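Residue numbers (this note's numbering), protein chains in the order written: chain B, 30 to 146; chain V, 218 to 329.
Here the structure comes first, spelled out in structure tokens, and everything after it is commentary.
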């Protein structure tokens, strides 16, 4: 069964508004979660690493003031896309790291399709 | 710079027609190579992890192999339900667990 849950699965918003996406680890506590973005026919690209109780680490080229990440508990990380624009339309996917499994695979949520009109 | 290239971009097979997908990679120090399956509108579903050249893993009709430069995902007698996009990703020793470098995937279509 799924070990990472993501919500919502899709969202449509108007340009200039903000959207929040939730990522939950279902049967373990995740000190670290990861947010990816996938454009059509492109690779999944890591956007940021979400650390429980501390600031997120953003990849080069990702605006931290635009993509706000909050990892307030050991089972929940949220990604807020602020002042969304049509170019932010994409498929956003989170994953979680199980503690003590440094070389095991990441398990991904089912993604959120964001469409900005 | 770490890089992953998958080929072909798309593959159409008849049911029962075996084939292979390729994943070529360049990485400073391979910590792991991962195969995932992704269905439309869904997140990637884990299939295999390979750690060292010569390693092989099997699951039902799928078999993954690894050399120092590439990995193959062999599909034996595929069925329509195997239709999906197959993603390859690498993790190197210089990055965190989450810093997977993904290829663009191979979209597999299996016709009955």
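Beta carbons are placed, not taken as given, at the ideal position from N, Cα and C, and that holds for glycine.
Computed from a predicted model, the values in this text were never measured in an experiment.
For the 9 angstroms CB-CB criterion, residue 123 of chain B and residue 102 of chain B do not form a contact. At a cut-off of 9 angstroms between C-beta atoms, residue 321 of chain V counts as an interface residue with respect to chain B. Of the residues assessed, residue 41 of chain B falls on the exposed side of the cut-off, its CB having fewer than 16 other CB atoms within 10 angstroms. Under a criterion of Cβ atoms nearer than 8 angstroms, no residue of chain V is adjacent to residue 58 of chain B; the nearest Cβ is some 15 angstroms distant. Interface annotation, residue 292 of chain V: not in contact with chain B, CB-CB separation never under 9 angstroms. DSSP places residue 92 of chain B in the coil class of the three-state scheme, outside both helix and strand.
Of the residues V/236, V/301, V/220, V/255, the one whose Cα lies closest to the Cα of residue 293 of chain V is V/236. Nearest C-alpha to residue 246 of chain V among V/228, V/307, V/239, V/230: V/307.
Around residue 261 of chain V, the beta-carbon contacts reaching into chain B at under 8 angstroms are 73, 122, 137.
For residue 55 of chain B, same chain residues with a beta-carbon under 6 angstroms away, outside a window of 5 residues either side, are 32, 34 in chain order. Of all C-beta pairs linking the segment 281-300 of chain V to the segment 254-267 of chain V, three or more are shorter than 8 angstroms, placing the two stretches in contact.
For residue 258 of chain V, the closest of B/120, B/51, B/144, B/145 by C-alpha to C-alpha distance is B/120.
The DSSP assignment places 247-255, 262-267, 273-276, 279-283, 287-292, 301-309 as complete runs of the beta strand (DSSP E) inside the segment 239-319 of chain V, in order along the chain (cut-off: 3 residues).
Rounded to the nearest angstrom, the Cβ distance from residue 231 of chain V to residue 322 of chain V is 21 angstroms, too far for a contact under 8 angstroms. In the DSSP annotation of this structure, the continuous segment of the beta strand (DSSP E) that includes residue 80 of chain B starts and ends at 73-80.
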